[in-house]
Amino acid sequence: MFVKMKTLQSTLLLLLFVPLIKPAPPTQQDSRIIYDYGTDNFEETLFTQDYEDKYLDGKNIKEKETMIILDEKSLQLQKDESFTPLPTKKENDEMPTCLLCVCLSGSVYCEEVDIDVVPPLPKESAYLYARFNKIKKLTAKDFAEIPNLRRLDFTGNLIEDIEDGTFSKLSLLEELTLAENQLLKLPVLPPKLTLFNAKYNKIKSRGIKANTFKKLNKLSFLYLDHNALESVPPNLPESLRVIHLQVKSACPKYSY
């Protein structure tokens, strides 16, 4: 009797605990695990793709190439065990002008670049074309170290004044053009000029000294037309072949 009672109690205890340890439905449990794992992996994949896309755009590609180039340079420097020397002072002085203008075989072309002073020129310069800019004044310093100049053209600037001695060291200068400026008087001219053009200025007869042209024995072409001259300049050389002195006309022009 005692044994039966004990067996019955054990059976009842088992029946009570069975509902408590019943596992969840396998399909529901598995689907939750798959869903969580799949979501995390999808977000990580999107982030990786987005990062790679941004890293490989134009800017990052350029940066990446720059890093590679720097590495190659570093390797080259290590191989050569030497560094490229810094540019000399002369190169530094000349570089800005030849970037702004065009320097070609002794000729410097600075046309329509809005400069307001004469730029530093390479010492070997023979021809300077600085037409249609905003230069207001010429000074002796502008050409002090450029002794080989043969032609200067400042057509269409705003030049009002030229310092004494500006052309004194230009013993080889043959052609000087100052047309279409604001000059009131003429400077001292170099002795070897063959052509001088100062038309379309505001020059009056009193702005030309008596000896301005006296020693210019090679001058062949002189253009002083469309100024405010009241008389023919004195002491013109016999070498002149062409001379223009017509004044500005106050009368309207008519076509016939």
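If you're matching positions, the sequence shown starts at 126 in my numbering and goes up one per residue. Note that the Cβ used here is the ideal one computed from N, Cα and C, for glycine as well.
1) Tell me the start and end of each unbroken beta strand (DSSP E) in the region 225 to 258 that is at least 3 residues and wholly inside, in chain order.
2) Please report the distance separating the alpha-carbon of L354 from that of K294.
3) Helix, strand or coil: how does DSSP classify T337 here?
4) Could you tell me the alpha carbon to alpha carbon distance between E299 and L283, rounded to whole angstroms?
5) With DSSP as the reference, label A323 as helix, strand or coil.
6) Could you give the distance in angstroms between the alpha-carbon of V227 and the alpha-carbon of F268?
7) Helix, strand or coil: which one does DSSP assign to A353?
8) Tell me the rounded alpha-carbon separation between S250 and H351.
9) Between C235 and L224, is the Cβ-Cβ spacing less than 9 angstroms?
10) Short of 8 angstroms in beta carbon distance, which residues of its chain neighbour F257, apart from the five on each side in sequence? Order them along the chain.
11) Can you tell me whether DSSP reads D286 as helix, strand or coil?
12) Identify which residue in K261, L263, L274, I260 has its Cα closest to the Cα of K248.
13) Suppose the cutoff is 6 angstroms on Cβ atoms and the five residues either side in sequence are ignored; what does the same chain contact list for N326 look like?
14) Give the secondary structure of N185 by DSSP, where H, G and I count as helix, E and B as strand, and everything else as coil.
15) Looking at the structure shown, is R395 part of a helix, part of a strand, or coil, going by DSSP?
16) Would you mind sorting K324 into buried or exposed? The rule is 16 or more other CB atoms within 10 Å of its CB.
17) Would E288 pass as a contact of A265 if the rule is Cβ separation under 9 angstroms?
18) One question on the structure: do V243 and L263 come within less than 9 angstroms of each other, judged by their Cβ atoms?
19) Kindly indicate which three-state DSSP category K266 falls into: helix, strand or coil?
20) Compare the beta carbon distance of K261 and E285 with 9 angstroms and say whether it is the shorter of the two.
21) Anyone know if the C-beta pair for L349 and L365 falls short of 9 angstroms?
22) Quick one: grab the DSSP three-state call for V367.
23) With 16 other CB atoms within 10 Å as the buried threshold, where does S330 fall?
24) Would you kindly check if the distance between the Cβ of L303 and the Cβ of T337 is under 9 angstroms?
25) Would you mind stating whether T319 and K343 have Cβ atoms separated by less than 9 angstroms?
26) Between the beta-carbon of I333 and the beta-carbon of P358, is there less than 9 angstroms?
27) Only counting the same chain, and skipping five residues up and downstream in sequence, which positions put a Cβ closer than 6 angstroms to that of I186?
On the basis of the coordinates in this document:
1) 227 to 229, 232 to 234, 252 to 254
2) The residue you call residue 354 lines up with position 229 of the sequence shown. The residue you call residue 294 lines up with position 169 of the sequence shown. L354 and K294: Cα-Cα distance of roughly 29 angstroms.
3) Locating residue 337 in the sequence shown gives position 212, counting from the first residue. In the structure shown, the three-state DSSP call for T337 is coil.
4) By 1-based counting over the sequence shown, the position of residue 299 is 174. By 1-based counting over the sequence shown, the position of residue 283 is 158. If I take the Cα positions, the gap works out to 23 angstroms.
5) Position 198 of the sequence shown, counted from the first residue, corresponds to residue 323. Assigned with DSSP and collapsed to three states, A323 falls in coil, not helix or strand.
6) One-based indexing of the sequence shown puts residue 227 at position 102. One-based indexing of the sequence shown puts residue 268 at position 143. Going from the Cα of V227 to the Cα of F268 covers about 18 angstroms.
7) Working through the sequence shown from its first residue, we reach residue 353 at position 228. DSSP, reduced to helix, strand and coil, places A353 within a strand of the structure shown.
8) Along the sequence shown, read from residue 1 onward, the residue named residue 250 stands at position 125. Along the sequence shown, read from residue 1 onward, the residue named residue 351 stands at position 226. If I take the Cα positions, the gap works out to 31 angstroms.
9) Here residue 235 refers to the residue found at position 110 when the sequence shown is read from its first residue. Here residue 224 refers to the residue found at position 99 when the sequence shown is read from its first residue. No, the pair does not count as a contact, with Cβ atoms beyond the cut-off.
10) Along the sequence shown, read from residue 1 onward, the residue named residue 257 stands at position 132. Here the set comprises E236, E237, T280, G281, N282.
11) Translated into the one-based positions of the sequence shown, residue 286 becomes position 161. In the structure shown, D286 sits in a strand (DSSP, three-state: E or B).
12) Counting from one through the sequence shown, the residue named residue 248 turns up at place 123. When each option's Cα is compared against that of K248, the closest is L274.
13) As a position in the sequence shown, residue 326 is number 201, starting the count at 1. Answer for N326: N306, L308, N352, listed in chain order.
14) Counting from 1 along the sequence shown, the entry for residue 185 is found at position 60. Only weak support is given to the placement of N185: the predicted model assigns it a pLDDT of 39, under 50, and the value that follows is read from those uncertain coordinates. If DSSP states are grouped into helix, strand and coil, N185 belongs with the helices.
15) With the chain running from 126 to 381 in the structure shown, residue 395 is simply not present.
16) Taking the first residue of the sequence shown as 1, we reach residue 324 at position 199. Looking at its Cβ environment, which holds 16 or more other Cβ atoms inside 10 Å, K324 is buried.
17) Here residue 288 refers to the residue found at position 163 of the sequence shown. Here residue 265 refers to the residue found at position 140 of the sequence shown. Yes, these two residues count as a Cβ contact at 9 angstroms.
18) Along the sequence shown, read from residue 1 onward, the residue named residue 243 stands at position 118. Along the sequence shown, read from residue 1 onward, the residue named residue 263 stands at position 138. In this structure, the beta-carbon distance from V243 to L263 falls below 9 angstroms.
19) Within the sequence shown, numbered from 1, the residue matching residue 266 stands at position 141. If DSSP states are grouped into helix, strand and coil, K266 belongs with the helices.
20) For the purposes of this step, residue 261 is identified with residue 136 of the sequence shown, where counting begins at 1. For the purposes of this step, residue 285 is identified with residue 160 of the sequence shown, where counting begins at 1. Closer than 9 angstroms, so yes.
21) Residue numbering aside, residue 349 sits at position 224 when the sequence shown is read from its first letter. Residue numbering aside, residue 365 sits at position 240 when the sequence shown is read from its first letter. Going by beta carbons, L349 and L365 fall outside the 9 angstroms limit.
22) Residue mapping note: residue 367 aligns to position 242 of the sequence shown, counting from 1. Looking at V367 - three-state DSSP - the assignment turns out to be strand.
23) As a position in the sequence shown, residue 330 is number 205, starting the count at 1. The C-beta of S330 has fewer than 16 other C-beta atoms within 10 Å across all chains shown, which makes the residue exposed.
24) Position 212 of the sequence shown, counting from 1, holds the residue named residue 337. Position 178 of the sequence shown, counting from 1, holds the residue named residue 303. No, the Cβ-Cβ distance between T337 and L303 is not below 9 angstroms.
25) Reading the sequence shown from its first residue, position 194 is the one you call residue 319. Reading the sequence shown from its first residue, position 218 is the one you call residue 343. Yes, the Cβ-Cβ distance between T319 and K343 is below 9 angstroms.
26) Residue numbering aside, residue 333 sits at position 208 when the sequence shown is read from its first letter. Residue numbering aside, residue 358 sits at position 233 when the sequence shown is read from its first letter. Result yes, Cβ atoms of I333 and P358 sit closer than 9 angstroms.
27) In the sequence shown, counting from the first residue as 1, residue 186 sits at position 61. Note that I186 scores 32 on pLDDT, short of 50, meaning its location in the model is unreliable and no value can be drawn from it.
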